[in-house]
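Chemist: For this note's numbering, add 302 to where a residue sits in the sequence shown, where the first one is 1.
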Amino acid sequence: MNSPARTFRLGVVGGQWALNYLRTAARLPLVETPRVARARAIPLDAPFEKVPVTTDWRALADEQPALDGVILVTPPATHLDMARYFVGKGLPVLVEKPLCLDENDAVRFEAQVRAARAIAWVDHTHLFHPAFRALKQHCPPGSIERIVSRGWNRGPVRQDVPMFWDWTPHDVAMILDLLGEEEPGRIVTQDLEGFAAETGREATAALELTFPSGAQTRSVTSNMRSPKTKIFCVKTSTAWYRYNPLELHALTELPVHTLEEDVWEAKGDPLPYEKGEPLEVLLREFCEAIGRHDTGNDSLALGVRVVRILSAAWRSMV
303 MNSPARTFRL
313 GVVGGQWALN
323 YLRTAARLPL
333 VETPRVARAR
343 AIPLDAPFEK
353 VPVTTDWRAL
363 ADEQPALDGV
373 ILVTPPATHL
383 DMARYFVGKG
393 LPVLVEKPLC
403 LDENDAVRFE
413 AQVRAARAIA
423 WVDHTHLFHP
433 AFRALKQHCP
443 PGSIERIVSR
453 GWNRGPVRQD
463 VPMFWDWTPH
473 DVAMILDLLG
483 EEEPGRIVTQ
493 DLEGFAAETG
503 REATAALELT
513 FPSGAQTRSV
523 TSNMRSPKTK
533 IFCVKTSTAW
543 YRYNPLELHA
553 LTELPVHTLE
563 EDVWEAKGDP
573 LPYEKGEPLE
583 VLLREFCEAI
593 GRHDTGNDSL
603 ALGVRVVRIL
613 SAAWRSMV
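1. Could you tell me which of Trp616, Phe588, Arg308 sits nearest to Glu398, measuring between CA atoms?
2. Less than 9 Å separating the beta-carbons of Ser451 and Arg527?
3. Between Arg342 and Leu556, what straight-line distance do the alpha-carbon atoms span, to the nearest angstrom?
4. Just to confirm, is the Cβ distance from Ala591 to Ile477 under 9 Å?
5. Would you kindly check if the distance between the Cβ of Gly392 and the Cβ of Ala418 is under 9 Å?
6. To the nearest angstrom, report how far apart Thr512 and Gly487 are at their CA atoms.
7. With Ile611 as the anchor, note down where its beta strand (DSSP E) starts and where it stops.
8. On a CA-only basis, which of Arg360, Glu405, Pro331 is nearest Leu602? Give me that one, please.
9. Would you call the CB atoms of Ile449 and Val536 closer than 9 Å?
10. According to DSSP, what are the bridge partners of Thr535?
11. Under a three-way DSSP split, which group does Asp358 fall into?
12. List the whole-angstrom C-beta distance separating Ala475 from Tyr575, where the pair is believed to meet the contact cut-off of C-beta under 8 Å.
13. State the Cα-Cα distance for the pair Gln518 and Glu510, rounded to the nearest angstrom.
14. Assuming Lys414 is part of the alpha helix (DSSP H), what are its boundary residues?
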């Protein structure tokens, strides 16, 4: 008789967005979320009202010695204090993007994780979408000529993190994941529009990267444009590929001669990919890494690279 599959107990720290992890974990038999830490000690919404809630995030380690790991879904400025604490307690951590807001802090945290032979991942969600992974199969490093992307919505407007650091990490993570070990030789940032609002700054920005291989990218992100958009297009010598997770079919191939201004909506051929929700893929693979005690931490290394590029881009814009 086969022994039952192991269950992984993951604590969660965070507010509203943390509920997405709870809903996802509820669909995965291998994951339990035995405790949640958040700013207010009020019961969670149904169907999670019986999950214990604490306002002391350290209690997840101190009072739950059986935890296998912790998911941090808190404002970016708090990520590393919490992550350092849990790594010091020997717990694997999964950190919501961006890893942090300072490249030196990111490098120091990576060194701590490496010295402790710990496990630390960063949630760049689109990297775990099956359609994006299928896109990678069509666009190996060295084949990419151009990447253009758009990511925006009306809000959220946050006081604790600028729009650029909230939206642009997705695009930078996807770009770096596709281009492998290449680092951009040129970074140009444009503040296209924006104004102060009560809860923060509404803004639209463009980030352009040029890589040694000749690949060039342009990403426009915004918290003041609608409708909600997430489109990521890659040109190789043979075709354009469009990744749009908000569409029913998320991956499309377009003729190589398609004009860049048309790639956002042009008709193309749907390409196959495995079905699955990216957060489910992420949680499953994070648990598998815990089970293997896999301290390779490629996800963390990528997260550090993303922070480094965003830091340089932010300095050039402000």
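Glycine included, each C-beta is placed from N, C-alpha and C at the ideal position.
Modeler: With the given structure in hand:
1. Phe588
2. no
3. 49 Å
4. no
5. yes
6. 6 Å
7. Where Ile611 is concerned, there is no enclosing beta strand (DSSP E), although the alpha helix (DSSP H) it sits in stretches over 600-619.
8. Glu405
9. yes
10. Here the sequence assigns Cys to residue 535, which means Thr is not the residue at that position. The partner list for Cys535 (beta bridge, DSSP) reads Val450, Arg544.
11. coil
12. Between Tyr575 and Ala475 the Cβ distance is about 19 Å, and since that is not below 8 Å, they are no contact.
13. 7 Å
14. Here residue 414 turns out to be Gln, not Lys, going by the sequence shown. Residues 405-418.
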